[in-house]
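Numbering (this note's numbering), first residue to last: 131 to 190. Glycine included, every Cβ here is placed at the ideal spot set by N, Cα and C. Written out below as structure tokens is the structure these notes cover.
Have a look at this one:
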């Protein structure tokens, strides 16, 4: 996690969109990278990743 933090330059001003299933390994990065960096995790409602209007409103 720390190497990814250093490579991406993730900071306390950043947020990560949590959209991967918990059983998928990338979910570890989506959850814990912002937490070790002082950032925040944004969690969508179930199925929210398939709604382009909702995704756009969350990203903006």
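- Just so you know, the alpha carbons of residue 178 and residue 138 end up roughly 25 Å apart.
- Counting only runs of at least 4 residues, the stretch 155 to 182 fully encloses the following alpha helix (DSSP H) elements, listed from N- to C-terminal order: 156 to 167.
- Residue 149 and residue 136 have their C-alpha atoms roughly 22 Å apart.
- Cβ neighbours of residue 162 within its own chain (closer than 7 Å, five residues either side excluded): 131.
- By the C-beta density criterion, residue 164 is buried, having at least 16 other C-beta atoms within 10 angstroms.
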